[in-house]
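K.L.:
I'd like to ask you about the structure that follows.
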Amino acid sequence: MSNLHVLDHPLLQHKLAMLRDKHTGVKEFREVVTEMATLMCYEATRDLALEEVEIETPLAPAKVKQLAGKKLAVVPILRAGLGMVDGIQNLIPSVKIGHLGLYRDPETLEPVEYYCKMPRDIAEREAILLDPMLATGGSASAAIDVLKGYGCKRVKLMCILAAPEGIERVQKDHPDVDIYTTAVDECLNDHGYILPGLGDAGDRIFGTK
């Protein structure tokens, strides 16, 4: 089964409450999504390998630890996933970024791909897939299929909110993928939106509601 990581840090829970509030404006919503992505990235990269190297401090030689050259890529699912990219770049400025465009067919609720652009060496990188909402799980599962099609051997999924239905779908289709979220909500409504949720993340990030 997939490893589900529900990040219950007080700062994340406080910021999630701000996102849920319908009175939170576009500017603040966007800033909080960025902040949450930074905090979530801190947890999602906890297992990065380290190596020991020797440096000179201003006073003496020292053996220190640094990342062991592990390559990372982040892949936002357009468009809402874009809101999480800056938060990860704040921690890892050199991270490569792929872009994957999927939209959900309003009738079938299944994903349709319309754009895909990946780093040339994506197969050599650990990929972190970004989407604020894991609802039905269809888009996330399809996106993971795309990344695996490019040769990615290690994929993580980072979403701010998840529904049980979406978690179950990803676990069924991709049991090797770790899921990181800050909360698992109750269910989906008849239109495939998470309840109680926070509304349409893309609309609230980009002010198109």
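In terms of my numbering, the sequence shown is residues 731 to 939. The beta carbon of each residue, even a glycine, is placed where N, CA and C say it ideally should be. Small disclaimer: the values here were computed from a predicted structure and weren't measured.
Tell me whether G929 sits in a helix, a strand or coil according to DSSP, three-state version.
P.N.:
The sequence position of residue 929 within the sequence shown is 199, counting from 1. Coil, per DSSP.
K.L.:
How would you call S777, buried or exposed, if buried means at least 16 neighbouring beta carbons within 10 angstroms?
P.N.:
Taking the sequence shown and counting its residues from 1, the one referred to as residue 777 is at position 47. Note on residue identity: the sequence assigns Asp, not Ser, to residue 777. It counts as exposed.
K.L.:
In its own chain, which residues sit with a C-beta less than 8 Å from the C-beta of E758, not counting the 5 before and 5 after it?
P.N.:
Looking up residue 758 in the sequence shown gives position 28. Closer than 8 Å at the Cβ level, and outside the excluded window around E758, lie M748.
K.L.:
Would you decide whether L780 is buried or exposed? Buried here means 16 or more other CB atoms lie within 10 Å of its CB.
P.N.:
The residue given as residue 780 occupies position 50 in the sequence shown. With a threshold of 16 other beta carbon atoms within 10 Å, L780 falls short and is exposed.
K.L.:
In whole angstroms, give me the CA-to-CA distance for G813 and Q796.
P.N.:
Sequence index remark: in the sequence shown, residue 813 carries index 83 (1-based). Sequence index remark: in the sequence shown, residue 796 carries index 66 (1-based). Approximately 28 Å, taken between the alpha carbons.
K.L.:
Can you list, in chain order, the stretches of the beta strand (DSSP E) that have 3 or more residues and sit fully within the stretch 805 to 839?
P.N.:
For the stretch 805 to 839, the continuous beta strand (DSSP E) assignments of 3+ residues that do not extend past its boundaries occur at 829 to 834, in sequence order.
K.L.:
Under the three-state reduction of DSSP, which class applies to V736: helix, strand or coil?
P.N.:
Reading the sequence shown from its first residue, position 6 is the one you call residue 736. Residue state for V736 is assigned as strand, using DSSP reduced to three classes.
K.L.:
Buried or exposed for Y845, please, with buried defined as at least 16 other CB atoms from any protein chain shown within 10 angstroms of its CB.
P.N.:
Along the sequence shown, read from residue 1 onward, the residue named residue 845 stands at position 115. Y845 comes out exposed.
K.L.:
State the start and end residues of the unbroken beta strand (DSSP E) segment that holds D903.
P.N.:
Here residue 903 refers to the residue found at position 173 when the sequence shown is read from its first residue. For D903, no beta strand (DSSP E) segment is defined; the enclosing uninterrupted segment is the alpha helix (DSSP H) at P894 to D903.
K.L.:
Tell me the DSSP secondary structure of V756 in three-state form.
P.N.:
Walking along the sequence shown from the start, residue 756 turns up at place 26. Helix, per DSSP.
K.L.:
Please report how far the alpha carbon of V756 lies from the alpha carbon of V794, in whole angstroms.
P.N.:
Taking the sequence shown and counting its residues from 1, one reaches residue 756 at position 26. Taking the sequence shown and counting its residues from 1, one reaches residue 794 at position 64. Roughly 42 Å separates the two Cα atoms.
K.L.:
Less than 7 Å between C-beta atoms, sequence neighbours within five positions excluded: which residues of the same chain meet that for V804?
P.N.:
Looking up residue 804 in the sequence shown gives position 74. Excluding positions up to five away in sequence, the list reads V815, I818, V825, I827, I858 and L860.
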